[in-house]
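As structure tokens, the structure follows; a few thoughts come after it.
Protein chains in written order, with my numbering: chain A, 6 to 396; chain B, 8 to 313.
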């Protein structure tokens with residue numbers, strides 16, 4: 006590969022092309038930070054595969070430059086992530102860093118990447134601090150601000166006229182943020198707000214309490230394996246027939262292969278679902294399934310869009326990355342056909358987009374996916390952008 | 008039936024599941040003086056094998072049977088390749104080696120089955136739930152877990168108390184060196200105990216598969232609880248493991264469901280929730296500390312151990 010690049014440059018020189026054209030043939034280096042080991046690796050793999058698929062679909066080139074992706078595993082440990090990212094910035098001199106999946110890793114790598122002058126594009130994590138006062142001109146988010154998927158369900162519950170809600174989340178910061186997000190638009194009574202220890206396996210005791218409290222609606226934020234356990238046990242306890250199940254990150258394409266029929270009809274909130282009705286999304290889902298044999302979730306979609314975003318910016322600058330201001334201006338335009346249709350950036354680099362309530366369904370081929378049920382917010386930006394000093 | 012009765016059933020079910028894991032651990036620890044941190048991954052392997060075989064055969068009982076045979080073979084293989092060489096080593100070596108095995112197997116499982124959690128459907132006969140008054144439903148499958156846990160406990164008791172093999176096991180738990188001096192092939196006994204312990208852990212994993220998600224690392228949390236159980240019950244004692252497991256199961260479940268209401272008697276609702284959340288996950292460890300303080304050998308120490 007290296008040889009090929011060298012000979013291309015040599016060849017270009019011999020042909021008397023200008024030096025700048027030759028430098029445009031230099032490989033574009035992009036770092037990809039994702040969690041690829043541990044129980045959460047299923048999410049990280051979707052991000053990695055989604056991004057790599059985008060580059061592959063672009064023919065392995067961005068604005069004529071071959072793309073070199075440096076993949077690192079953050080192991081879901083902030084200290085590990087920082088040292089690996091620092092190494093990547095110094096050794097590989099990457100122009101873009103795409104990642105990570107989890108918010109605690111984002112908190113750790115945001116400063117090293119932006120200080121090095123590289124662009125950080127988050128395909129999933131979107132914390133409130135970097136949306137508000139801590140916003141940075143080189144930081145872009147292709148997913149959402151963390152509160153928003155939870156707000157979707159709160160608004161939905163309010164619109165549907167539910168009066169008494171029962172909330173359950175793990176006992177850590179994201180769990181508390183989640184329930185706060187739900188309550189932002191839900192004005193009814195909160196029957197109880199239960200925080201379970203992170204990694205709880207058996208929810209039998211919580212389910213018995215839910216059944217005896219008889220709420221109108223249940224809101225759940227239990228990501229990963231916790232959600233798999235909860236959903237199966239909720240269905241087995243016979244509650245699914247009488248109690249509407251609203252959730253965030255509890256039933257999605259990463260957990261559905263394990264939840265299967267138990268999750269059918271359960272709702273979640275997202276900016277996209279695999280049945281999104283536009284040609285680019287349909288092609289993406291088909292392509293992703295053919296390559297990886299699983300239904301892509303929002304993680305893969307957001308990473309794919311991150312690839313399209315970088316491509317759109319470098320096409321605008323004709324492949325040049327030296328002029329950071331030009332690249333930044335091009336990134337801000339978000340001039341690409343997002344898989345979710347409408348997409349633009351807010352002043353803080355977070356998206357302004359539509360959000361939907363999505364519902365789990367079984368496809369005719371026996372696989373499970375979420376499907377768009379109802380649009381809840383249109384052109385929705387986050388509330389923190391007002392605190393951000395960027396224009 | 009009241010909420011309390013349901014929570015007692017839940018506690019019983021968690022306790023019996025814990026007993027299946029702890030029984031194997033306490034035997035291996037008590038009889039062989041071998042600290043096996045990899046006991047949790049054996050539980051995980053049981054769940055994965057069950058998920059695979061039940062998927063293949065499409066039949067719960069046949070799949071479960073194949074998984075039990077599979078996990079036993081796997082246990083014997085581990086014993087032969089690795090654990091056999093560790094019996095004579097220090098506890099630190101055993102901890103290090105079996106901890107390494109945890110890392111290896113967690114990663115290995117991910118390479119073979121993928122990182123995403125797997126699901127096992129509840130067998131058709133046991134789907135649905137029973138109405139226990141006041142709109143509270145209790146899943147039939149949880150009764151099955153309670154039933155099979157009790158059955159397993161009975162079988163274990165019969166084997167340990169009433170058979171020659173059980174006598175050897177009890178003798179081994181009291182004094183393995185003396186047993187060897189009396190002409191018993193302790194090595195073979197160890198192998199049998201180890202295979203049996205692995206099978207019990209695997210059985211627990213397989214039974215838990217329909218209610219829990221089958222994923223890499225699922226055994227790690229169970230392992231910690233199992234150690235708490237055997238320390239409370241007394242190391243090497245099946246009876247102790249049974250009592251300890253039921254205590255841990257009941258206390259954990261009841262603490263989780265009632266600590267908020269209890270704390271509300273003393274402080275405001277918001278503070279009560281905060282304190283209770285921390286407190287309820289601490290209770291079993293407080294219990295362990297109390298038992299260690301009052302009866303350092305556990306509630307039912309195996310006889311002859313000092």
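By construction, the Cβ of each residue, glycine as well, lies at the ideal position given by its N, Cα and C atoms.
Does DSSP put residue 81 of chain A in a helix, a strand or coil?
-> Numbered from its first residue, the first chain carries residue 81 of chain A at position 76. Here residue 81 of chain A sits in coil by DSSP.
Which of the three DSSP states, helix, strand or coil, is assigned to residue 270 of chain B?
-> To locate residue 270 of chain B, count along the second chain from 1; it is residue 263. In this structure, residue 270 of chain B counts as helix in the three-state DSSP scheme.
For residue 152 of chain A, does the three-state DSSP call read helix, strand or coil?
-> To locate residue 152 of chain A, count along the first chain from 1; it is residue 147. Coil.
Applying the criterion that 16 or more other CB atoms from any shown protein chain within 10 Å of the CB defines a buried residue, is residue 278 of chain B buried or exposed?
-> Looking up residue 278 of chain B in the second chain gives position 271. By the 10 Å Cβ count, residue 278 of chain B comes out exposed.
Within 9 Å, strictly: CB atoms of residue 125 of chain A and residue 161 of chain A | As a first step, residue 125 of chain A must be located in the first chain, where it is residue number 120. As a first step, residue 161 of chain A must be located in the first chain, where it is residue number 156. Result no, Cβ atoms of residue 125 of chain A and residue 161 of chain A do not sit closer than 9 Å.
Proximity winner among A:223, A:110 and A:256, relative to residue 84 of chain A (alpha-carbon distances) = Here the question's residue 84 of chain A lines up with position 79 in the first chain. Of A:223, A:110 and A:256, the residue nearest in Cα terms is A:110.
In chain order, each alpha helix (DSSP H) run of at least 4 residues that lies wholly inside the stretch 234-271 of chain B = 245-271
Counting pairs of beta carbons, one from the stretch 35-42 of chain B and one from the stretch 92-101 of chain B, are three or more of them closer than 8 Å?
-> yes
How about residue 259 of chain B and residue 290 of chain B: are their beta carbons less than 9 Å apart?
-> If you number the second chain from 1, residue 259 of chain B lands on position 252. If you number the second chain from 1, residue 290 of chain B lands on position 283. Going by C-beta atoms, residue 259 of chain B is nearer than 9 Å to residue 290 of chain B.
What are the boundary residues of the alpha helix (DSSP H) that includes residue 39 of chain B?
-> To locate residue 39 of chain B, count along the second chain from 1; it is residue 32. Where residue 39 of chain B is concerned, the enclosing alpha helix (DSSP H) stretches over 10-39.
Under the assumption that residue 208 of chain B contacts residue 50 of chain B (Cβ atoms under 8 Å), give the Cβ distance between them as a whole number of angstroms.
-> Against the second chain, residue 208 of chain B aligns to sequence position 201. Against the second chain, residue 50 of chain B aligns to sequence position 43. Their Cβ separation, rounded to whole angstroms, is 4 Å, which keeps residue 208 of chain B and residue 50 of chain B in contact under 8 Å.
Could you confirm whether any beta carbon from chain B is found closer than 9 Å to the beta carbon of residue 220 of chain A?
-> The count along the first chain starts at 1 and reaches residue 220 of chain A at position 215. Cβ-Cβ to chain B under 9 Å: no for residue 220 of chain A.
Which stretch, first to last residue, makes up the alpha helix (DSSP H) that contains residue 153 of chain B?
-> Residue 153 of chain B sits at position 146 when you count from the first residue of the second chain. First-last of the alpha helix (DSSP H) with residue 153 of chain B: 147-169.
What in chain B is Cβ-close to residue 200 of chain A, meaning under 9 Å?
-> In the first chain, the residue the question calls residue 200 of chain A occupies position 195. Residues of chain B passing the Cβ test: 280, 281 and 284.
Other residues of its chain near residue 87 of chain A: CB distance less than 7 Å, five sequence neighbours each side excluded = Within the first chain, numbered from 1, the residue matching residue 87 of chain A stands at position 82. So the qualifying residues of the chain are 113, 114 and 117.
Ignore the nearest five residues each way along the sequence and tell me which others in residue 26 of chain A's own chain have a CB closer than 6 Å to its CB.
-> For this step, residue 26 of chain A is matched to residue 21 along the first chain. Only weak support is given to the placement of residue 26 of chain A: the predicted model assigns it a pLDDT of 45, under 50, and the question is left unresolved by the model.
Residue 260 of chain B versus chain A: which residues are under 8 Å apart at the beta carbon?
-> Counted from its first residue, the second chain places residue 260 of chain B at position 253. Those within 8 Å of residue 260 of chain B in chain A are 209 and 210.
Residues of chain B with a CB under 8 Å from the CB of residue 243 of chain A: which are they?
-> Looking up residue 243 of chain A in the first chain gives position 238. Under the 8 Å cutoff, chain B gives 135, 136, 144 and 146.
Terminal residues of the beta strand (DSSP E) in which residue 366 of chain A lies = To locate residue 366 of chain A, count along the first chain from 1; it is residue 361. Here the beta strand (DSSP E) through residue 366 of chain A covers 356-367.
Does residue 75 of chain A have its Cβ less than 9 Å from a Cβ in chain B?
-> Your numbering for residue 75 of chain A matches position 70 in the first chain. Not an interface residue.
Terminal residues of the beta strand (DSSP E) in which residue 275 of chain A lies = As a first step, residue 275 of chain A must be located in the first chain, where it is residue number 270. Per DSSP, residue 275 of chain A belongs to the beta strand (DSSP E) from 272-275.
Residues bridged to residue 200 of chain A [DSSP beta-bridge criterion] = Position 195 of the first chain, counted from the start, is the residue given in the question as residue 200 of chain A. Answer by DSSP bridge pairing, in chain order: A:174.
Rounded C-beta distance between residue 167 of chain A and residue 193 of chain A? I'm assuming under 8 Å.
-> Along the first chain, read from residue 1 onward, the residue named residue 167 of chain A stands at position 162. Along the first chain, read from residue 1 onward, the residue named residue 193 of chain A stands at position 188. Residue 167 of chain A to residue 193 of chain A, Cβ: 6 Å. Contact.
Continuous alpha helix (DSSP H) assignments of at least 4 residues falling wholly in the stretch 71-137 of chain B = 98-120
Output the boundary residues of the beta strand (DSSP E) element that contains residue 375 of chain A.
-> Translated into the one-based positions of the first chain, residue 375 of chain A becomes position 370. Residues 373-385.
Among B:102, B:225 and B:127, which one has its Cα closest to the Cα of residue 263 of chain A?
-> Here the question's residue 263 of chain A lines up with position 258 in the first chain. Selected option, being the one with the closest Cα: B:127.
Range covered by the alpha helix (DSSP H) that runs through residue 314 of chain A | Reading the first chain from its first residue, position 309 is the one you call residue 314 of chain A. Its alpha helix (DSSP H) spans residues 303-321.
Could you tell me which residues DSSP pairs with residue 349 of chain A in its beta bridges?
-> Sequence index remark: in the first chain, residue 349 of chain A carries index 344 (1-based). For residue 349 of chain A, which the question treats as bridged, DSSP gives the partners A:357.
Sort out for me which residues DSSP pairs residue 169 of chain A with in a bridge.
-> Here residue 169 of chain A is taken as the residue at index 164 of the first chain, counted from 1. According to DSSP, residue 169 of chain A bridges with A:194.
Taking any Cβ of chain B, which residues in the stretch 227-241 of chain A have a Cβ under 7 Å from it, in chain order?
-> 230, 233, 234, 237, 238 and 241
Where residue 68 of chain B sits in the DSSP three-state scheme | Translated into the one-based positions of the second chain, residue 68 of chain B becomes position 61. Residue state, collapsed to three classes: helix.
At a Cβ threshold of 9 Å, is residue 229 of chain B touching chain A?
-> As a working mapping, residue 229 of chain B is identified with position 222 in the second chain. Yes, residue 229 of chain B counts as interfacial toward chain A.
So is residue 272 of chain B in contact with chain A if we call contact Cβ pairs under 9 Å?
-> The count along the second chain starts at 1 and reaches residue 272 of chain B at position 265. It does not; no Cβ of chain A falls within 9 Å.
Own chain residues within Cβ distance below 6 Å of residue 369 of chain A, not counting five before or after | One-based indexing of the first chain puts residue 369 of chain A at position 364. Around residue 369 of chain A: no qualifying Cβ.
Residue nearest to residue 262 of chain B in terms of C-alpha spacing, selected from A:214, A:71, A:303 and A:307 = For this step, residue 262 of chain B is matched to residue 255 along the second chain. Minimum Cα distance to residue 262 of chain B is reached at A:214.
Across which residues does DSSP place residue 126 of chain A in a beta bridge pair?
-> To locate residue 126 of chain A, count along the first chain from 1; it is residue 121. DSSP lists A:103 and A:145 as partners of residue 126 of chain A.
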